[in-house]
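**Student:**
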Amino acid sequence: MKESEPFPQPNPLPGSKSKPAHKSEGPRRRWRAGRQVPHPVAMGGNSGQPGTHTYTSLTEDGPLAAGEQPRRPTGRLIMHSMAMFGREFCYAVEAAYVTPVLLSVGLPKSLYSVVWLLSPVLGFLLQPVVGSASDYCRAGWGRRRPYILALGVMMLLGMALYLNGDTVVSALIADPRRKLIWAITITMMGVVLFDFAADFIDGPIKAYLFDVCSHRDKERGLHYHALFTGFGGALGYLLGAIDWAHLKLGRVLGTEFQVMFFFSALVLTLCFIIHLCSIPEAPLRDTAKDSLLQQAPQDPPLSSDKTYEYGSIEKVKNGYVHSELTVQGEKTKNPAEQIQKTMTMKSLLRALVNMPSHYRCLCISHLIGWTAFLSNMLFFTDFMGRIVYHGNPYSAHNSTEFLIYERGVEVGCWGLCINAVFSSLYSYFQKALVSYIGLKGLYFMGYLLFGLGTGFIGLFPNVYSTLALCASFGVMSSTLYTVPFNLMAEYHREEQEEQKQKARAGAPDSGGRGQGLDCATLTCMVQLAQILVGGGLGFLVNMAGSVVVVVISASLVALMGCCFVALFVRYVQ
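Using this note's numbering, the first residue of the sequence shown is number 6, and each one after it goes up by one.
1. What are the start and end residues of the alpha helix (DSSP H) that includes T260?
2. Near S162, what residues of its chain come up, given a Cβ to Cβ distance below 6 Å and the 5 sequence neighbours on each side ignored?
3. Is M389 helix, strand or coil when you go by DSSP?
4. Between the region 527-539 and the region 366-373, do three or more beta carbon pairs fall short of 8 Å?
5. With a Cβ-Cβ cutoff of 8 Å, do G235 and S86 count as a contact?
6. Expressed to the nearest angstrom, what Euclidean distance is found between the alpha-carbon atoms of T64 and L281?
7. According to DSSP, is L112 helix, strand or coil?
8. My output table needs one value for D180: the three-state DSSP class, helix, strand or coil.
9. To the nearest angstrom, how far is the alpha carbon of A270 from that of F233?
10. Are the beta-carbon atoms belonging to P361 and G147 less than 8 Å from one another?
11. Applying the 10 Å Cβ sphere with the 16-neighbour rule, what's the burial state of Q520?
12. Rounded C-beta distance between S560 and G463? I'm assuming under 8 Å.
13. Can you find the residues in the same chain that come closer than 7 Å, C-beta to C-beta, to E284, ignoring five residues on each side of it along the sequence?
14. Which of the three DSSP states, helix, strand or coil, is assigned to F478?
15. Measuring alpha carbon to alpha carbon, tell me which of L438, H220 and T376 ends up nearest E499.
16. Sorted by chain position, which residues of the same chain lie with C-beta nearer than 8 Å to L472's C-beta, five sequence neighbours on each side aside?
17. Would you kindly report the start and end of the unbroken alpha helix (DSSP H) that includes Y433?
18. Is G170 closer than 8 Å to A188 when the C-beta atoms are compared?
19. Quick one: residues in its chain with C-beta nearer than 7 Å to the C-beta of Q535, no 5 flanking neighbours on either side, listed in chain order?
20. Could you have a look at A286 and say whether DSSP puts it in helix, strand or coil?
21. Hey, Y448 and T484: beta-carbon distance below 8 Å or not?
22. Enumerate in chain order the residues of its own chain whose CB-to-CB distance from I279 is below 7 Å, with the five nearest sequence positions on each side excluded.
23. Could you tell me the alpha carbon to alpha carbon distance between V119 and L185, rounded to whole angstroms?
24. For P113, count the other beta carbons within 10 Å of its own beta carbon; 16 or more makes it buried, fewer makes it exposed. Which is it?
25. Confirm, please, whether the CB-CB distance from Y431 to V480 is below 8 Å.
26. Taking DSSP as the reference, what is the three-state secondary structure of R149?
27. Below 8 Å between beta carbons: does that hold for L492 and L367?
28. Counting pairs of beta carbons, one from the region 236-251 and one from the region 93-110, are three or more of them closer than 8 Å?
29. Are the beta-carbon atoms belonging to V546 and V538 less than 8 Å from one another?
30. Could you tell me the distance, in whole angstroms, from the CA atom of C475 to the CA atom of L454?
31. Please report the distance separating the alpha-carbon of Y102 from that of E224.
32. Helix, strand or coil, according to DSSP, for C366 in the structure here?
33. Comparing alpha-carbon positions, which option in R150, A231 and G111 lies nearest T192?
34. Within the continuous alpha helix (DSSP H) that includes R225, where are the two ends?
35. Given that a residue counts as buried once 16 or more other Cβ atoms are within 10 Å of its Cβ, and exposed if not, what is M89?
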């Protein structure tokens, strides 16, 4: 994206005193948070047109709002990435403890599919709706942060229910039958609520990053997201591997479930507080309610018969409006009416169906990647216990076969920890690699290495080679968390340039989709992959009689994904 052009120094307002700007101040000047300027009201004026409600994304970065966002300090991007650290930490805790929790409360096997499929089904159906709603959220402190806060509270509540539900129910209910029913119900509600919120929150976090950062900072921010995602997962797996029952903290808090809830709640709360305070977000406001800004005599007057749409932010400096506006004529529809239409399910489905082909191909490639990745990850510890260590999970709990299986599961958890650590390391090196092989090379290499790695694991199961090849899982994880969103940022930048050119030519705005909807659509491919994996792999394992088929299937799907990302995904030059 082109750098913002320097703004001419305006003359002072009559009766006001202006201070000379410092030499270093210019387009890249960091403006103090909280400094906002009023925007002019687009009214019907003398044309007889009724007052029109226009919506403007106010920004706290002053004159850069109409062009390039200011360069964000590395510390701010790291603070923004802490949400991914807390989210992945809690994900790792769930992966380590949710199965023992469900077994301990006596959940029937017939309800396992309900637990694992209900959350992704809800997420797949609702995520685009909420993503579109966040595009038009008019909360005073931003469009995305209210949704992030609400989903963070839901994650915390879900963890509290599934890690502490059995203990609370046992303390309140004495009847064994009622206690069993309530324990199962509360635990299921907790697991579904946590999965739903944790899967859902990725879309608003990405949209928040895209809203407040320049294109270069979007790339940096996505790399930091992947980096801290790996760190959070590694720390979560390490804490989950500790035997808290024999430590003093475990005896003080009661059980290891309460210990992990204590750490999870602490980490999640701190991380989300840091995240929400990281970068000031621009609220979406109705400029028809703002006061009319006094114009300088030399500045051209705002035409009363034209509408200033959302996204047409005036460049304002020292109280002056500069005539760099995206203007539409009288025939433009009321933006408030457009917002009401966008919020209907019919128009939302129309936006998804009419999505440009390059967005659709990106979503399909994301679906293929997550289907391959989840197929392997969900069954990896079971694969280690059964195939690599030759254990038997259905033997008696005091038998040698069952103890060998448990040992294989523990080693499998260390393999997942290697995956998380290598994901962070690879995210760091991605910044250097992208200048040599580009986004297409990164995308292709991630799928290829994962496909080859899982293929070798399935064909030659060995403890040491399997642990070494877990590094390929980290490559795939980092790729899925960064490259698709980098490509989406490229698409958005290209569309914004096209809209600017149309605006200069006087063409009406096509009113495209918001970034929140695009991020939500891409993210809900994860839920669709969960549905496909949860509904199909169990049947596949039963047909083949071995979990080896899962690893081989993941390899084949990833290699198919290589071909797809090379042939069908569009890359912006």
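Note that CB positions come from ideal geometry on N, CA and C, so glycine has one too.
As the structure is a prediction and not an experimental result, all values here were calculated from the model.
**Tutor:** Looking at the atomic coordinates:
1. Careful: T260 lies outside any alpha helix (DSSP H) and carries neither H nor E.
2. For clarity, residue 162 is Leu in the given sequence; the question names Ser instead. Within the same chain, and ignoring the five residues on either side of L162 in sequence, no residue has its Cβ closer than 6 Å to its Cβ.
3. If DSSP states are grouped into helix, strand and coil, M389 belongs with the helices.
4. yes
5. no
6. Its pLDDT being 39, under 50, T64 is placed unreliably by the model, and the measurement read from it follows with that caveat. Using only the alpha carbons, I get a separation of about 16 Å.
7. coil
8. Here D180 sits in coil by DSSP.
9. 18 Å
10. no
11. buried
12. 6 Å
13. Just to set this straight, residue 284 is Ile in the shown sequence, not Glu. Once the five neighbours on either side are set aside, the close Cβ partners of I284 are R77, R81, H85 and V217.
14. helix
15. H220
16. V416, W419, G420 and I423
17. T405 to L464
18. yes
19. The residues P125 and L379, in chain order, have a CB closer than 7 Å to that of Q535 in the same chain once the five nearest residues on each side in sequence are set aside.
20. Before going further, note that residue 286 is Glu rather than Ala in the sequence given. Looking at E286 - three-state DSSP - the assignment turns out to be coil, as it is neither helix nor strand.
21. yes
22. M84 and M87
23. 18 Å
24. exposed
25. yes
26. coil
27. yes
28. A contact exists between the region 236-251 and the region 93-110.
29. no
30. Cα to Cα, C475 sits roughly 11 Å from L454.
31. 34 Å
32. In the structure shown, C366 sits in a helix (DSSP, three-state: H, G or I).
33. The shortest C-alpha separation from T192 is found at G111.
34. From DSSP, the alpha helix (DSSP H) with R225 extends over H220 to G245.
35. So M89 counts as buried.
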